[in-house]
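A short write-up of the structure that comes next.
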Amino acid sequence: MKSSEIRSAFINYFKKNGHTVVPSSSLIPENDPTLLFANAGMNQFKNTFLGLEKRDYTRAVSSQKVVRAGGKHNDLENVGFTARHHTFFEMVGNFSFGDYFKKDAIRFAWEFLTKELNIPKEKLYVTVHLSDDEAADIWHQQEGVPRERIFRFDKDNFWKMGDTGPCGPCTEIFYDHGPKAGRESDPYKGIAAGEDRFVEIWNLVFMQYLENPPGTMTPLPKPSVDTGGGLERMTAAMQGKFNNFDTDLFAPMIERACKIGGFEYVSDVEVLAKNPDIRERTAAIRVLADHSRSTGFLIADGALPSNEGRGYVLRRIMRRAIRYGHKLNDKHSFLPAMVESMIDHMGDVYPELQARKVHILSTVKDEETRFMTTLDQGSHILNDEIAKAKAKGQKSLSGEVLFKLYDTYGFPVDLTALIAAEKGFTVDEAAFEKEMEAARTKARASWKGKGMQADEAHMLKFAQDYSTKCGPTKFTGYDSTTAQCEVIALSDGTKEVKSLKAGQSGLLVVNKTPFYAEGGGQVGDQGVMKTSGCTVNVHNTTKSSDIHLHHVEVESGEIKVGDTMHTHVADSVRRNTMSNHSATHLMHSALRKVLGPHVTQAGSLVDATRTRFDFTHNKALTTDEISQIESLVNEEIGKGQDVKAEVMGHKEAINKGAMALFGEKYGDQVRVLTMGDFSCELCGGTHVKNTAQIRMFKVISEGGVSAGVRRIEAITGDLAVQYALYGIQQNQQARSAAGLDSAWAHFTTHATADTAVAPWIETKKTEIKNLEKEIKKLQGGQINVDELANKAQNFNTKAGAAKLVLADVALDDRQVLAEVTDHLKNKIQKGIVVVIGQGEDSHPVIVSVSKDITGEYSAGNLLKEVAAVMGGKGGGRPDFAQGAAPDRTKIADAFKKVQQILGV
Numbered sequence: 001m002k003s004s005e006i007r008s009a010f011i012n013y014f015k016k017n018g019h020t021v022v023p024s025s026s027l028i029p030e031n032d033p034t035l036l037f038a039n040a041g042m043n044q045f046k047n048t049f050l051g052l053e054k055r056d057y058t059r060a061v062s063s064q065k066v067v068r069a070g071g072k073h074n075d076l077e078n079v080g081f082t083a084r085h086h087t088f089f090e091m092v093g094n095f096s097f098g099d100y101f102k103k104d105a106i107r108f109a110w111e112f113l114t115k116e117l118n119i120p121k122e123k124l125y126v127t128v129h130l131s132d133d134e135a136a137d138i139w140h141q142q143e144g145v146p147r148e149r150i151f152r153f154d155k156d157n158f159w160k161m162g163d164t165g166p167c168g169p170c171t172e173i174f175y176d177h178g179p180k181a182g183r184e185s186d187p188y189k190g191i192a193a194g195e196d197r198f199v200e201i202w203n204l205v206f207m208q209y210l211e212n213p214p215g216t217m218t219p220l221p222k223p224s225v226d227t228g229g230g231l232e233r234m235t236a237a238m239q240g241k242f243n244n245f246d247t248d249l250f251a252p253m254i255e256r257a258c259k260i261g262g263f264e265y266v267s268d269v270e271v272l273a274k275n276p277d278i279r280e281r282t283a284a285i286r287v288l289a290d291h292s293r294s295t296g297f298l299i300a301d302g303a304l305p306s307n308e309g310r311g312y313v314l315r316r317i318m319r320r321a322i323r324y325g326h327k328l329n330d331k332h333s334f335l336p337a338m339v340e341s342m343i344d345h346m347g348d349v350y351p352e353l354q355a356r357k358v359h360i361l362s363t364v365k366d367e368e369t370r371f372m373t374t375l376d377q378g379s380h381i382l383n384d385e386i387a388k389a390k391a392k393g394q395k396s397l398s399g400e401v402l403f404k405l406y407d408t409y410g411f412p413v414d415l416t417a418l419i420a421a422e423k424g425f426t427v428d429e430a431a432f433e434k435e436m437e438a439a440r441t442k443a444r445a446s447w448k449g450k451g452m453q454a455d456e457a458h459m460l461k462f463a464q465d466y467s468t469k470c471g472p473t474k475f476t477g478y479d480s481t482t483a484q485c486e487v488i489a490l491s492d493g494t495k496e497v498k499s500l501k502a503g504q505s506g507l508l509v510v511n512k513t514p515f516y517a518e519g520g521g522q523v524g525d526q527g528v529m530k531t532s533g534c535t536v537n538v539h540n541t542t543k544s545s546d547i548h549l550h551h552v553e554v555e556s557g558e559i560k561v562g563d564t565m566h567t568h569v570a571d572s573v574r575r576n577t578m579s580n581h582s583a584t585h586l587m588h589s590a591l592r593k594v595l596g597p598h599v600t601q602a603g604s605l606v607d608a609t610r611t612r613f614d615f616t617h618n619k620a621l622t623t624d625e626i627s628q629i630e631s632l633v634n635e636e637i638g639k640g641q642d643v644k645a646e647v648m649g650h651k652e653a654i655n656k657g658a659m660a661l662f663g664e665k666y667g668d669q670v671r672v673l674t675m676g677d678f679s680c681e682l683c684g685g686t687h688v689k690n691t692a693q694i695r696m697f698k699v700i701s702e703g704g705v706s707a708g709v710r711r712i713e714a715i716t717g718d719l720a721v722q723y724a725l726y727g728i729q730q731n732q733q734a735r736s737a738a739g740l741d742s743a744w745a746h747f748t749t750h751a752t753a754d755t756a757v758a759p760w761i762e763t764k765k766t767e768i769k770n771l772e773k774e775i776k777k778l779q780g781g782q783i784n785v786d787e788l789a790n791k792a793q794n795f796n797t798k799a800g801a802a803k804l805v806l807a808d809v810a811l812d813d814r815q816v817l818a819e820v821t822d823h824l825k826n827k828i829q830k831g832i833v834v835v836i837g838q839g840e841d842s843h844p845v846i847v848s849v850s851k852d853i854t855g856e857y858s859a860g861n862l863l864k865e866v867a868a869v870m871g872g873k874g875g876g877r878p879d880f881a882q883g884a885a886p887d888r889t890k891i892a893d894a895f896k897k898v899q900q901i902l903g904v
């Protein structure tokens, strides 16, 4: 049975049993700061399980993308060397939110495995928690599982969301891969020991308690079910493979690696056991196969390689894969081709892979190029560290060195140890492990993760309660910025209240509102709400559970639940924000037309002052490309295209060609914004009615945000016009000052190069440089080199008689002084020249020594002596050195110091 058939069978079985099919959430958790990556199927349902969010279904089924790149059961270093460790895998699962419980959950699982997949019952074993007699009885009495095949465990069969929150016992289903898969034949001992023969293929968690500090548990009013099973493990069982890497889920990537490297993939355990070289090659191929999946999926969902947080983890995964590819064959590139193979293999199930294919592959290739450079550097670093240790009489490399090579240059400890051993050195692996633990802490901490705060939990529950009670807030802001609204709820930010008085801040909920709630990159509206005796300032508007939360401060009077308020959105702020948002859509389309279809949104911020747009692209935009983008957008503004908004089904919108923006969630019904035939996107934001209202578009900056992502900031409307007028004014003033013709005719007939400001400035800069050279030449000519040379003093050296020139020169230009020093040295041929110039605060000091006596006298050492007398410092080569000193009154003393050193 193919993996695709198993995935479909799972989804269809639970759909048939009343479950709503929910697509996988992004690997980058949305609005959940407690997670680095999505690491379980239940992540996207977390607030539903917590009772903070209610959905329009009580049963769900999903196939969730999961990344586990760390943790005690998912150590990155194990991937490729064990049968079942992965950085990326798919977790299929079914969920009940206060609907069915143990009996149905167990029935569904057993029926799917034994009837839908036809797995022989004698291949399956069950575990339950020590205390869960109920689950054990259901397994035995309802499903007929013999008591001797039901094992009881403690910690492994009790699940907790955290230190507090929902928790409960779980029951697991294990598959027996047979004697070849492991040495332990006793199933209880094998399961307890984590033996490869007995593999967990499904875990059913029964959330029936709420744990409160300090460890007290109370029954939940609506017990729920959270189940999950690794698709890779199920596929291995169905395909008769006890190693996940030998299934069709990994075959396309492995086949591509073998084709590139010209070798064979060997998976026979007996052959691998006897041949270390083949075993090492197979492990490297498996590392690449696994990491190509996590790399492609993470980049598709918005992660990018960097030195902190999520990007730090992704970079480690990618560099580990690249290094193993280099180890397989250092003349070929593996990872980009294998990621491409993975995209072609899984793109039908996860269309985001195909949609972002160009961006994914270009990011992988860039990272590989960057890393291959550091890999070469790492080899040099390792050799240097070995040389240093040898010089100190040491025979071991420290943990700090090992980690530096591993973390910065991708050298695993075994590679470092191997190279070190060849040179007679050992490595301190224990110290390395301490450094590794510190790095894991960094990965967990640097992304600023945190637990849910009390006020956040309150806001979620506050909004959910009123969504359930009153339904979603009706938004009237597309058509008007004013409305008469009724206050239906108030909060002081930590608890629900009946009123807010002057000086107090909090959250306000009304039955309908013209205030746009922050979303889709657009900031929330600001404005004012009033009654006859109360004025409330709205500083921001957000949304939770389809409830608009107005973040308010009471300026005067008192606002109460039930009051009728006249609401007014700040007109100028909304108008400018709409202008910037509509221009963002035009800019997005223009970017794709100029740069290519690989461009997709990677983040945005739209407010009243500007639009900030992050997009996928691997190099800086040229001046010409920016000009093309500006021209395209302004052309559409000039056409005065009507901006049309239509609500339609999601599939219908996509078929129409509407572009879905990155990172946004869309329901079954979506709002489609079209601007002529130039732009068509899904968007719930507020927009101008006609593109002409934007007036003007101007890019003010473009730069890199991270590897593979660029950022454009642009302005529109009044601000763009003011910016342009200011630029025109500056240009006219510059032309007038330059004496260039600024007649209007030049703009209608296209200005020529000889009338443009920029070429005129370049010409003048060249003229100034030439004049500066002439001035320096004249300054140097004013100094009588012959006269100074004639005053040279004689002194003796090991190489014979030499001359000393001491010169006090009233010049500050170091280049001129250096030329004077060279001329003096040429005049005396053998000897030393010391020149002290004259500046404003600090005075240049130059010492030059002829090469035939540098072995005896160093210019750098002499300069330090001279500068020190004058309160300064400097340094340089044995034949030439320069510095600076502040105290010119000490020149005579400085010259005497030189004479003393030379014995003059």
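Numbering (our numbering), first residue to last: 1 to 904.
Yeah, the Cβ is synthetic: ideal placement off N, Cα and C, and Gly gets one too.
Treat the numbers as computed from the prediction; the structure is a model and nothing was measured.
If you drop the 5 nearest sequence neighbours on each side, which residues of the same chain put their C-beta closer than 7 Å to that of residue i?
{"i": "S131", "result": "P169"}
{"i": "V835", "result": "A807, V809, L817, V820, T821, I846"}
{"i": "D668", "result": "G649, H650"}
{"i": "K123", "result": "Y175, D176"}
{"i": "I694", "result": "S579, S582, A583, I637, V688, T716, G717"}
{"i": "F795", "result": "A802, L804, L902, G903, V904"}
{"i": "L405", "result": "G378, I381, L382, F411, T416"}
Tell me where the alpha helix (DSSP H) around residue i begins and ends.
{"i": "C683", "result": "Element bounds for C683: n/a, residue is neither H nor E."}
{"i": "R152", "result": "First-last for R152: 150 to 153, but that is the beta strand (DSSP E), not the alpha helix (DSSP H)."}
{"i": "A83", "result": "A83 -> no alpha helix (DSSP H), and no H or E assigned at all."}
{"i": "D786", "result": "785 to 790"}
{"i": "I138", "result": "Where I138 is concerned, there is no enclosing alpha helix (DSSP H), given that its DSSP letter is neither H nor E."}
{"i": "N826", "result": "814 to 828"}
{"i": "Q628", "result": "623 to 639"}
{"i": "H359", "result": "357 to 391"}
Can you pull the DSSP bridge partners for residue i?
{"i": "V709", "result": "T616, S706"}
{"i": "S184", "result": "Note on residue identity: the sequence assigns Glu, not Ser, to residue 184. Partner(s): none; E184 has no beta bridge."}
{"i": "K698", "result": "I715"}
{"i": "F475", "result": "T513"}
{"i": "P844", "result": "A884"}
{"i": "F158", "result": "P169"}
{"i": "N794", "result": "K803"}
Counting along the chain, where does the beta strand (DSSP E) carrying residue i start and finish?
{"i": "L210", "result": "198 to 212"}
{"i": "A802", "result": "800 to 808"}
{"i": "K483", "result": "Before going further, note that residue 483 is Ala rather than Lys in the sequence given. From DSSP, the beta strand (DSSP E) with A483 extends over 482 to 491."}
{"i": "S499", "result": "499 to 501"}
{"i": "M217", "result": "216 to 230"}
{"i": "D176", "result": "165 to 176"}
Who are the Cβ neighbours of residue i in its own chain at under 6 Å, not counting the five residues just before and after it?
{"i": "K448", "result": "Its pLDDT being 48, under 50, K448 is placed unreliably in this model, and the coordinates cannot settle the point."}
By Cβ distance, which residues of its chain are closer than 8 Å to residue i, with the 5 residues on each side in sequence left out?
{"i": "S362", "result": "H598, N618, G708"}
{"i": "T218", "result": "Y209, L210, N212"}
{"i": "N690", "result": "G640, Q641, D642, V643"}
{"i": "A439", "result": "F403, D407"}
Checklist entry - Between the segment 289 to 309 and the segment 331 to 340, do three or more beta carbon pairs fall short of 8 Å? => result yes
Next on the checklist: With three or more C-beta pairs closer than 8 Å as the rule, is the segment 606 to 626 touching the segment 708 to 720?
Outcome noted: The segment 708 to 720 is in contact with the segment 606 to 626.
Next on the checklist: Does the contact criterion of 3 or more C-beta pairs under 8 Å hold for the segment 533 to 546 versus the segment 490 to 498?
Outcome noted: no
Item to check | Three CB pairs or more closer than 8 Å across the segment 543 to 556 and the segment 584 to 595 | outcome: no
Item to check | In chain order, each alpha helix (DSSP H) run of at least 4 residues that lies wholly inside the segment 544 to 598 | outcome: 571 to 595
Checklist entry - Which ranges does the alpha helix (DSSP H) cover as unbroken runs of at least 4 residues, wholly within the segment 272 to 338, from first to last along the chain? => result If we require 4 residues or more, the alpha helix (DSSP H) runs fully inside the segment 272 to 338 come out as 276 to 300, 309 to 328.
Checklist entry - For the segment 622 to 638 against the segment 599 to 608, are there 3 or more C-beta pairs whose distance is under 8 Å? => result Remark: fewer than three beta-carbon pairs, one from each stretch, lie closer than 8 Å, so the segment 622 to 638 and the segment 599 to 608 are not flagged as touching.
Item to check | Cβ pair count under 8 Å reaching 3, the segment 44 to 63 against the segment 184 to 193 | outcome: no
Next on the checklist: Taking 8 Å as the cut-off, does the segment 460 to 476 touch the segment 547 to 563 (at least 3 CB pairs, one atom from each stretch)?
Outcome noted: yes
Item to check | Meets three-Cβ-pair contact criterion under 8 Å: the segment 319 to 329 and the segment 232 to 249 | outcome: no
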